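When you line the sequence shown up against full-length UniProt numbering, it's residues 1 to 421, in that order.
Reviewing the structure listed below.
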Amino acid sequence: MSKKRVCSESTRRRNRVEPPTRPTDSTKSTRLTTVFFIIFVISSAVSIFVYCHYNHSSISSPYLSENNLVKSDVNYQEIIDENSRVSDNVTQRHFDKSVLAYITPWNSAGYEIAKRFSSKFTHISPVWYDLKSQGIKLTLEGRYNADTGWLSELRLRGNTRVLPRVVLEALPKDLFGKKKQRDKAIDLIVTECTDMDYDGVVLESWSRWAAYGVLNDAATRKLALQFVKQLGDALHKVISQRSGQQLQLVFVIGPPHSEKLQAHDFGPKDLLDLSDSVDGFSLMTYDYSSSYSPGPNAPLLWVRSVIELLLSASSKSLADKVLVGINFYGYDFDLTEGGGAQAITGRDYLSLLDRYKPKIEWREDFAEHFFLYTNDQHRQHAVFYPTPLSILKRLDEARSWGAGISIWEIGQGLDFFFDLL
Numbered sequence: 001m002s003k004k005r006v007c008s009e010s011t012r013r014r015n016r017v018e019p020p021t022r023p024t025d026s027t028k029s030t031r032l033t034t035v036f037f038i039i040f041v042i043s044s045a046v047s048i049f050v051y052c053h054y055n056h057s058s059i060s061s062p063y064l065s066e067n068n069l070v071k072s073d074v075n076y077q078e079i080i081d082e083n084s085r086v087s088d089n090v091t092q093r094h095f096d097k098s099v100l101a102y103i104t105p106w107n108s109a110g111y112e113i114a115k116r117f118s119s120k121f122t123h124i125s126p127v128w129y130d131l132k133s134q135g136i137k138l139t140l141e142g143r144y145n146a147d148t149g150w151l152s153e154l155r156l157r158g159n160t161r162v163l164p165r166v167v168l169e170a171l172p173k174d175l176f177g178k179k180k181q182r183d184k185a186i187d188l189i190v191t192e193c194t195d196m197d198y199d200g201v202v203l204e205s206w207s208r209w210a211a212y213g214v215l216n217d218a219a220t221r222k223l224a225l226q227f228v229k230q231l232g233d234a235l236h237k238v239i240s241q242r243s244g245q246q247l248q249l250v251f252v253i254g255p256p257h258s259e260k261l262q263a264h265d266f267g268p269k270d271l272l273d274l275s276d277s278v279d280g281f282s283l284m285t286y287d288y289s290s291s292y293s294p295g296p297n298a299p300l301l302w303v304r305s306v307i308e309l310l311l312s313a314s315s316k317s318l319a320d321k322v323l324v325g326i327n328f329y330g331y332d333f334d335l336t337e338g339g340g341a342q343a344i345t346g347r348d349y350l351s352l353l354d355r356y357k358p359k360i361e362w363r364e365d366f367a368e369h370f371f372l373y374t375n376d377q378h379r380q381h382a383v384f385y386p387t388p389l390s391i392l393k394r395l396d397e398a399r400s401w402g403a404g405i406s407i408w409e410i411g412q413g414l415d416f417f418f419d420l421l
């Protein structure tokens with residue numbers, strides 16, 4: 001399946017970590033590795049205290065009794081041997097809330113997984129479209145990514161809704177300057193949905209608006225929220241001739257970067273304001289660590305605190321609209337000074353396991369597995385990648401709140417992940 005890759009700013013952010021560009025002093029790799037462990041131990045000590053205080057009782061998965069890989073002491077050979085084996089019944093669901101699965105045009109594995117496990121997903125979002133400024137005009141680009149043959153095959157297998165992602169790359173001054181432009185943007189999106197027989201769209205714009213300072217100004221923030229409402233209302237007015245249901249809008253939101261909400265953060269009030277017009281909120285609870293601070297991708301306590309901050313007393317009833325983000329990718333951190341980090345897929349992970357045969361360790365405070373290795377250049381590395389147990393913990397967390405999940409992205413995972421859904 002030949003696909004043209006469209007790399008928006010948000011896509012690049014999700015799929016890789018750029019190496020550091022700031023100057024650094026030369027240091028022995030062993031020294032940085034020691035620093036890594038010191039940070040790891042200190043953060044763990046704090047996290048263990050919080051974990052013991054706030055830990056929810058685990059909700060067991062029906063699949064636990066069937067899959068002996070859902071455990072903390074898993075070893076590399078078990079993962080290599082078992083990663084492609086799944087239950088014969090690929091239609092049975094174990095997670096009964098909404099499941100939004102992202103797929104990308106540059107990773108054909110996601111398309112095949114979407115068909116194979118279609119009954120596991122309530123919504124699938126192909127990363128296809130960008131709404132851009134082109135001079136004084138607005139254009140919706142991406143139809144060339146749309147695979148109509150795949151769409152037809154997918155729909156023969158069930159009722160999974162297909163909501164392509166639209167990244168709002170149009171400049172705020174172009175979009176919010178005139179009502180006519182906002183109306184045009186909405187018309188472009190709704191028309192594409194009807195022409196292509198989609199079930200709605202996933203809109204990503206919040207992080208771009210934050211970068212442009214839109215959300216720090218009360219007037220432009222109000223216009224931004226009104227745009228999302230207007231788009232959701234316009235989609236709801238359209239009834240699909242194929243399914244007989246109204247089109248839907250899922251809105252992508254990022255996690256707050258501190259314990260207290262900042263002006264640019266999406267918070268409980270925004271959730272309440274948009275709830276009538278938006279059908280789901282795709283919460284990006286991943287990419288917690290970075291090349292400057294190696295560590296877990298989505299420590300469970302952090303995920304929990306983000307959900308808790310968003311679902312305040314006034315907005316807790318909207319939990320079923322929140323789709324807690326779960327990463328099906330990982331990171332390989334080079335612990336040498338200035339080494340950076342590389343995003344890895346399941347295929348990369350298996351290759352590292354086969355080559356280095358590492359001891360995989362479980363951190364209860366993070367609820368993630370990781371391993372260390374030294375490459376041929378004698379550089380120390382730390383690898384964090386999901387495992388069945390880490391995924392189960394996050395499914396249990398979402399379930400305990402009554403929330404759904406969103407997965408970035410299914411083509412990067414291992415087959416046995418889908419037995420847990």
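Glycine is no exception: its CB is placed at the ideal position from the N, C-alpha and C atoms.
Note that the structure is predicted; figures quoted are calculated from it, not measured.
(Q) Here's a check: name, in chain order, each residue in its chain whose Cβ is nearer than 7 angstroms to the Cβ of K222, leaving out the five neighbours to either side. (A) Taking the first residue of the sequence shown as 1, we reach residue 222 at position 222. None.
(Q) Counting C-beta neighbours from all protein chains within 10 Å, is the total for N89 16 or more, i.e. buried, or is it exposed? (A) Taking the sequence shown and counting its residues from 1, one reaches residue 89 at position 89. The residue is exposed, with fewer than 16 neighbouring Cβ atoms inside 10 Å.
(Q) With the cut-off set at 8 angstroms, would you say V250 and G280 are in Cβ contact? (A) Here residue 250 refers to the residue found at position 250 when the sequence shown is read from its first residue. Here residue 280 refers to the residue found at position 280 when the sequence shown is read from its first residue. In this structure, G280 lies closer than 8 angstroms to V250 by Cβ.
**Q.** Under 8 angstroms between C-beta atoms of V306 and V238
**A.** Residue mapping note: residue 306 aligns to position 306 of the sequence shown, counting from 1. Residue mapping note: residue 238 aligns to position 238 of the sequence shown, counting from 1. No.
Q. If you draw a straight line from the C-alpha of T24 to the C-alpha of L272, how long is it?
A. Here the question's residue 24 lines up with position 24 in the sequence shown. Here the question's residue 272 lines up with position 272 in the sequence shown. Reliability of the predicted coordinates at T24 is poor, the pLDDT of 43 falling under 50, and no value is obtained from them.
**Q.** CA-to-CA distance, Y286 to L203, given in whole angstroms
**A.** Here residue 203 refers to the residue found at position 203 when the sequence shown is read from its first residue. Here residue 286 refers to the residue found at position 286 when the sequence shown is read from its first residue. So the alpha carbons of these two residues sit roughly 18 angstroms apart.
Q. From V127 to N327, what does the alpha carbon distance come to, in whole angstroms?
A. Within the sequence shown, residue 127 is the residue found at index 127, counting from 1. Within the sequence shown, residue 327 is the residue found at index 327, counting from 1. The alpha-carbon atoms of V127 and N327 are separated by roughly 16 angstroms.
**Q.** Distance, S293 Cα to W302 Cα
**A.** In the sequence shown, counting from the first residue as 1, residue 302 sits at position 302. In the sequence shown, counting from the first residue as 1, residue 293 sits at position 293. Their backbone Cα atoms lie some 15 angstroms apart in a straight line.
(Q) Short of 8 angstroms in beta carbon distance, which residues of its chain neighbour A45, apart from the five on each side in sequence? Order them along the chain. (A) Residue 45 sits at position 45 when you count from the first residue of the sequence shown. Because A45 sits at a pLDDT of 43, beneath the cut-off of 50, its placement in the model cannot be relied upon, and the point is left open.
Q. Can you find at least 3 beta carbon pairs, one from the stretch 356-363 and one from the stretch 391-400, that sit closer than 8 angstroms?
A. no
Q.
Given this structure, state the Cα-to-Cα distance separating N159 from G244, to the nearest angstrom.
A. Residue numbering aside, residue 159 sits at position 159 when the sequence shown is read from its first letter. Residue numbering aside, residue 244 sits at position 244 when the sequence shown is read from its first letter. Straight-line Cα distance between these residues: approximately 12 angstroms.
Q) Should the stretch 178-189 be called in touch with the stretch 146-161, which here means at least 3 C-beta pairs below 8 angstroms? A) no
(Q) By alpha-carbon positions, which one of L215, S289, D233, Q226 ends up nearest to Q262? (A) The residue you call residue 262 lines up with position 262 of the sequence shown. Among L215, S289, D233, Q226, the Cα nearest to that of Q262 belongs to L215.
**Q.** Option in D174, Y331, L353, R347 with minimal Cα separation from D415
**A.** One-based indexing of the sequence shown puts residue 415 at position 415. Residue R347 is the option with its Cα nearest to D415.
Q. Could you check where the beta strand (DSSP E) with I253 kicks off and where it finishes?
A. By one-based count along the sequence shown, residue 253 stands at place 253. Counting along the chain, the beta strand (DSSP E) containing I253 begins and ends at 248-253.
Q. Are the stretch 378-388 and the stretch 320-339 in contact at 8 angstroms, needing three or more beta carbon pairs?
A. yes
Q) D332 and S277: beta carbons closer than 8 angstroms? A) By one-based count along the sequence shown, residue 332 stands at place 332. By one-based count along the sequence shown, residue 277 stands at place 277. No.
Q: Return the first residue and the last residue of the beta strand (DSSP E) that T139 is part of.
A: Here residue 139 is taken as the residue at index 139 of the sequence shown, counted from 1. From DSSP, the beta strand (DSSP E) with T139 extends over 137-141.
Q) By Cβ distance, which residues of its chain are closer than 6 angstroms to A224, with the 5 residues on each side in sequence left out? A) Translated into the one-based positions of the sequence shown, residue 224 becomes position 224. Correct list, in chain order: W209, V214.
Q. Since V252 contacts S275 with CB under 8 angstroms, what's their CB separation in whole angstroms?
A. Here residue 252 refers to the residue found at position 252 of the sequence shown. Here residue 275 refers to the residue found at position 275 of the sequence shown. Actually they do not touch by this definition, with Cβ atoms about 16 angstroms apart.
Q: Take K393 as the anchor and find which of T374, F366, V383, E409 has the nearest alpha-carbon.
A: Here residue 393 corresponds to residue number 393 of the sequence shown, with the count starting at 1. Closest option to K393, Cα to Cα, is F366.
Q | Reduced DSSP category for H236 - H, G, I as helix; E, B as strand; rest coil | A | Taking the sequence shown and counting its residues from 1, the one referred to as residue 236 is at position 236. Helix, per DSSP.
Q) Does the Cβ of E361 have 16 or more other Cβ atoms within 10 Å, making it buried, or fewer, making it exposed? A) Taking the first residue of the sequence shown as position 1, residue 361 is located at position 361. Under this definition E361 is an exposed residue.
(Q) Run through the DSSP bridge pairs and tell me what Q342 is partnered with. (A) One-based indexing of the sequence shown puts residue 342 at position 342. Partner(s): D332.
Q: Within the stretch 368-395, note down every full beta strand (DSSP E) run reaching 3 residues or more, in order along the chain.
A: 368-374, 380-384
Q. Which word fits R304, buried or exposed, when buried means at least 16 other C-beta atoms lie within 10 angstroms of its C-beta?
A. By one-based count along the sequence shown, residue 304 stands at place 304. Flag for R304 reads buried.
Q. Exposed or buried, R325, counting other C-beta atoms within 10 Å across all chains shown (16 or more means buried)?
A. Residue mapping note: residue 325 aligns to position 325 of the sequence shown, counting from 1. Note that residue 325 is Gly in the sequence shown, not Arg. Looking at its Cβ environment, which holds 16 or more other Cβ atoms inside 10 Å, G325 is buried.
Q) So, helix, strand or coil for K97, using DSSP? A) Mapped onto the sequence shown, residue 97 falls at position 97. The answer is coil: DSSP assigns K97 none of H, G, I, E or B.
Q. Are R93 and K120 touching if we call contact CB-CB under 8 angstroms?
A. Indexing the sequence shown from 1 puts residue 93 at position 93. Indexing the sequence shown from 1 puts residue 120 at position 120. In contact: R93 and K120 (Cβ atoms closer than 8 angstroms).
Q.
Using only CA atoms, which one of H264, D199, P255 lies nearest to T220?
A. The sequence position of residue 220 within the sequence shown is 220, counting from 1. Minimum Cα distance to T220 is reached at H264.
Q) When you compare only the Cα positions, how much space is there between G411 and F117? A) For the purposes of this step, residue 411 is taken as the residue at position 411 of the sequence shown. For the purposes of this step, residue 117 is taken as the residue at position 117 of the sequence shown. Rounded to whole angstroms, G411 to F117 spans 12 angstroms at the Cα level.
Q: Tell me where the beta strand (DSSP E) around W128 begins and ends.
A: Counting from one through the sequence shown, the residue named residue 128 turns up at place 128. 123-134 is the extent of the beta strand (DSSP E) around W128.
Q | Residues that L168 bridges to, as DSSP identifies them | A | Within the sequence shown, the letter at position 168 stands for residue 168. Its beta-bridge partners are L131.
Q.
What does the Cβ neighbour count give for Y144, buried or exposed, with the cut at 16 atoms within 10 Å?
A. Locating residue 144 in the sequence shown gives position 144, where the first residue counts as 1. Under this definition Y144 is an exposed residue.
Q | Of the residues K115, K316, S290, the one placed nearest V152, counting alpha carbons only | A | If you number the sequence shown from 1, residue 152 lands on position 152. Note that residue 152 is Ser in the sequence shown, not Val. Nearest of K115, K316, S290 to S152, Cα basis: K115.
Q) Which value, in whole angstroms, describes the spacing of the CA atoms of L163 and K229? A) Translated into the one-based positions of the sequence shown, residue 163 becomes position 163. Translated into the one-based positions of the sequence shown, residue 229 becomes position 229. Each residue's Cα considered, the two are about 17 angstroms apart.
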